[in-house]
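Numbering (our numbering), first residue to last: 700 to 833.
Ideal placement from N, C-alpha and C gives every residue a C-beta, glycine not left out.
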Amino acid sequence: MTDLGFLADDGLVDALLMEVAGLLHRLIENDEAGSIDLRAMPLSPSCIEMLKQRLGPGEITVMLNAAGRSEIHETGFSGVWWTNHANEAGRVIAMLIEVATVPEILRANIDDMRGSLVRLPASTNIARNRRAHG
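Structure representation (structure tokens):
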């Protein structure tokens, strides 16, 4: 991304929103997800708040607890997500705007799914009855 540090907060927010629009266009046309790492930019707290307000709230909020807490909020724009990841001490280590049909962290891992496929039949009543009577 181009250095936009010279812009005032509202100009920077406008530039970021235009970048989000470009990412959304790429997602729609090429099925290519993208993200903007907000922690890698010199953004003031007021700029971040303005960006949150301009993106607005959506209908979906997801909380994850895996090596720290992650919060994923759909914005008022379908396909645009606000994602915060914190470490176990609660310190925010990543703040992203993700443009995707589903944020990457929510996608099931293929190896985890294979493990589930092995464990799932064992959790049925049929398997329990066989162990009890077998």
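{"Check": "Taking contact to mean 3 or more Cβ pairs, one atom from each stretch, closer than 8 Å, check whether the region 717 to 724 and the region 776 to 784 are in contact.", "Outcome": "yes"}
{"Check": "Of all the options Ala714, Met762 and Ala765, which has the alpha carbon lying nearest to the alpha carbon of leucine 754?", "Outcome": "Ala714"}
{"Check": "Check whether the Cβ atoms of histidine 772 and glycine 789 sit closer than 8 Å, and answer yes or no.", "Outcome": "no"}
{"Check": "Anyone know if the C-beta pair for alanine 807 and glutamate 787 falls short of 8 Å?", "Outcome": "no"}
{"Check": "Tell me which residue opens and which closes the beta strand (DSSP E) that glycine 844 is part of.", "Outcome": "An answer regarding residue 844 cannot be provided, because it is not within the stretch 700 to 833 covered by the chain."}
{"Check": "Which residue from Ser815, Leu716, Asp730 and Ile809 puts its Cα closest to that of tryptophan 781?", "Outcome": "Leu716"}
{"Check": "Pick helix, strand or coil for valine 798, following the three-state DSSP scheme.", "Outcome": "strand"}
{"Check": "Thinking C-beta only, is isoleucine 792 closer than 8 Å to aspartate 799?", "Outcome": "It should be pointed out that residue 799 corresponds to alanine in this sequence rather than to aspartate. Contact flag unset, no."}
{"Check": "Taking only runs that begin and end inside the region 732 to 779, name each unbroken beta strand (DSSP E) of 3 or more residues, in chain order.", "Outcome": "733 to 736, 756 to 764 and 768 to 774"}
{"Check": "For my contact list, aspartate 736 and leucine 795 are in at a C-beta cut-off of 8 Å; report their separation, rounded to the angstrom.", "Outcome": "6 Å"}
{"Check": "Please report how far the alpha carbon of proline 744 lies from the alpha carbon of arginine 813, in whole angstroms.", "Outcome": "43 Å"}
{"Check": "Identify the continuous alpha helix (DSSP H) that holds isoleucine 727 and give its terminal residues.", "Outcome": "708 to 729"}
{"Check": "What residue range is occupied by the uninterrupted alpha helix (DSSP H) comprising glycine 789?", "Outcome": "Glycine 789 -> no alpha helix (DSSP H), and no H or E assigned at all."}
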